[in-house]
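Notes follow the structure.
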Amino acid sequence: MRIIFASLLSLFILTISVQAQHAYVAPTDTAVLRKLSQWQDLKFGLFMHWGTYSQWGIVESWSLCPEDEGWTVRRGPYAPNWFDYKNAYEGLQKTFNPKNFNPEKWADAAKAAGMKYVVFTTKHHDGFCMFDTKQTNYKITDKSSPFSSNPRSNVAKEVFNAFRERGFFTGTYFSKPDWHNENYWWPYFPPKDRNVNYDPKKYPERWKAFQDFTYNQIEELMSDYGKMDILWLDGGWVRPLSTVDRNIEWQKGIKDDQDLNMPRIATMARSHQPGLIIVDRTVTGPYENYTTPEQEVPNKPLDYPWETCMTMGNSWSFVPNDEYKSSRQLVHLLVKIVSRGGNFLLNIGPGPDGDFDPIAYKRLEDIGKWMKVNSEGIYNSKPMAPYSIENVFFTQSKDGSTTYAYYLADEKTNQLPTSVILKNFSIKKGSKIAIFGTPKNLKWEQKGTDLVITVPAAIQQATSGQPAWGFTIK
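Here the sequence shown is numbered in my numbering, starting from 8 and rising by one per residue.
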């Protein structure tokens, strides 16, 4: 994940990226298929990017990457020299002390917002571990970290337990590349880019050591941290060379075979966690059980399970004075994503003190108020053609007996119009239409090919001030 420019964030519906257009390989394990179906009904989840980088209020990990990209720019007194910068960055371990860490507070806020699953960054590309791994000392529980003396220092375990106790599906984010590990970025060679900095075929024993390191860390997470539903693997450039698509710009820089032996990892992971959903992002094949368009919303349903992962602010990580999307925008995004058959994984980056920005809590509270009234057409729903008509987006119940139409309000609209017109949309004679939160059925008529719904003044006033209004058509 990386910081996203603000100019892109105002766009709600984007043409889906190439990464989500590739051929999907469906799982064959019935337990995985069952878990995947359950996950698709959840619709709304919380993503969290958190690490030592929050102390500097910078992009997560990427400032270590020696590439000339907008999201890798180094800042501060150590920026002129990469080696000095990396030493200072890794020295943040000695000062990271999130004393206000309270995962129950996060879980309560997420549950109140209507979220049903969580994905937490146990390790990002920088290699710093937010769990008590035995494979490295570069972790929050090491004695060099001031937070190690805290009884809740095993942050990942505390997060998973807090959310699991509240009924959430739990997901482990894990970075396949590790820029701290000497068997990925070998200190003998300076790194040139995000990729491994030596030829694994030339030094197979070194690459085998990295494979084993990765395997062992994932096994720790799959065996020591309770029931796990999702293994969310990031860093798609770490992949077999045979899977690289040279037509995709970011994959052109992958020169070496970075095969982690996913069959071995998946077999081990599912031996501990039967039915585990594995998301090997962008690597087409049997270990990408659902796809993850990043900061995008498809303009039509996809033929396979998918999830939009998107930031609440402009950055995946905590940045002071970040610009957060409005509550209206976030509700609209949720409706649009669900209308296309996807899930919405919304990211919040905790700060160095161990808490969210107060604005993030307010956004979650606002979404929760809306969901409390309107969520029937969100959970356990499926797409329904024509998916959207102008500013109205459709879903339907799984048995097809109820249609849900969400009317999205623009910033100048405070209440529903007297007549809501759905062009080229017909319903059966005798159907009943109501608005969520109101007891009375509405009058409607079919005028040619258009459906015209009449909204009385009393209902307009009673439901005013909403970011969106949900209609049920039965």
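All C-beta atoms in this analysis are idealised placements derived from N, C-alpha and C, irrespective of residue type, glycine included.
Sequence-distant residues of the same chain with beta carbon closer than 8 Å to residue i, five excluded per side
| i | result |
| --- | --- |
| W313 | A27, Y297, T298, T299, P300, P305, G348, G349 and N350 |
| V462 | L423, P424, T425, S426, V427, I442 and L449 |
| K259 | R253 |
| I261 | N202, W244, R246, L248 and V251 |
| W46 | Y124, F176, D236, I237, I284, Y297, P312 and N350 |
| S151 | Q100, K101 and N144 |
| R41 | G282 |
| M319 | Y331, K332, L337, L353, N354, I355, A367 and R370 |
| S160 | D139, I147, T148, S152 and F154 |
| I396 | L429, K430, N431 and F432 |
Nonlocal neighbours in the same chain, by C-beta distance under 6 Å from residue i, ignoring five residues either side
| i | result |
| --- | --- |
| N190 | R213, A216 and F217 |
| E74 | D200 |
| G384 | T402, Y411 and G477 |
| V380 | F443 and G444 |
| C72 | T79 and R201 |
| G58 | H131 and F135 |
Short Cβ contact (8 Å threshold) for residue i with residue j
| i | j | result |
| --- | --- | --- |
| A116 | M378 | no |
| Y494 | G178 | Residue 494 is absent from the structure shown; the chain starts at 8 and stops at 481. |
| Y210 | F167 | no |
| G361 | F108 | yes |
| N204 | F196 | yes |
| S70 | P357 | no |
| F181 | T140 | no |
| H56 | S324 | yes |
| N431 | T470 | no |
| Y386 | K50 | yes |
| R288 | L240 | yes |
| Q142 | F220 | yes |
| P359 | P105 | yes |
| V32 | T291 | yes |
Closest by C-alpha distance to residue i, when choosing among the options
| i | options | result |
| --- | --- | --- |
| I480 | T456, A412 and Q453 | A412 |
| C316 | F127, K376 and D310 | F127 |
| R334 | E76, V326 and D373 | The residue you asked about is not Arg; residue 334 is Ser in the sequence shown. S334 has its Cα closest to that of D373, out of E76, V326 and D373. |
| H279 | E226, R288, Q265 and V462 | E226 |
| G64 | L49, M229, S230 and G83 | G83 |
| K435 | N421, W451 and T470 | W451 |
| L85 | N94, W78 and G77 | In the sequence under discussion, the amino acid at residue 85 is Tyr, which differs from the Leu named in the question. Nearest option by C-alpha distance: N94. |
| G444 | Q468, F432, G437 and Q453 | Q468 |
| K419 | K405, D406, P194 and G472 | G472 |
| F138 | P153, V162, P158 and D149 | V162 |
| P474 | Q453, G375, D406 and P446 | G375 |
| G174 | K234, P194 and Q142 | K234 |
| H339 | W193, S44 and A416 | A416 |
| A465 | K447, V32 and E67 | K447 |
| K405 | P34, A33 and S44 | S44 |
| M122 | P158, D185, G77 and S382 | S382 |
| L267 | R277, W257 and G242 | G242 |
Residues bridged to residue i (per DSSP)
| i | result |
| --- | --- |
| Q218 | DSSP output for Q218 lists no bridge partner at all. |
| A475 | L415 |
| T177 | V125 |
| K146 | C136 |
| I237 | G178 and I284 |
| W313 | T298 |
| T318 | N354 |
| F54 | V126 and N354 |
| I480 | T410 and I440 |
Neighbourhood of residue i by C-beta, 7 Å cutoff - its chain only, sequence neighbours within 5 removed
| i | result |
| --- | --- |
| S14 | Residue confidence for S14 is low, a pLDDT of 35 falling below 50, so the modelled location carries little weight and cannot support an answer. |
| Q403 | S388, K389, M391, T409, T410 and Y411 |
| P273 | The identity of residue 273 in the sequence shown is Ala, whereas the question assumes Pro. Here the set comprises I285 and Y294. |
| F54 | V126, C316, L352, L353 and N354 |
| P207 | W214, D263, D264 and Q265 |
| K92 | It is worth fixing the name first, because residue 92 is Tyr in this sequence and not Lys. Same-chain partners within the cutoff: R81, Y85 and A86. |
| Q453 | S433 |
Residue-level contact to chain C via CB, residue i, 8 Å cutoff
| i | result |
| --- | --- |
| Y386 | This model lacks chain C altogether; it includes just one protein chain. |
Please specify which runs of the beta strand (DSSP E), each continuous and at least 3 residues long, are wholly inside the region 378-461, giving them in chain order. 388-396, 399-404, 410-415, 426-429, 440-442, 451-454 and 457-461
Considering only residues of the region 156-213, which uninterrupted beta strand (DSSP E) runs meet the minimum length of 3 residues and lie entirely inside it, listed in chain order? 176-182
Only counting runs of 3 or more residues, tell me where the beta strand (DSSP E) segments fall wholly within the region 225-274, in order along the chain. 237-241
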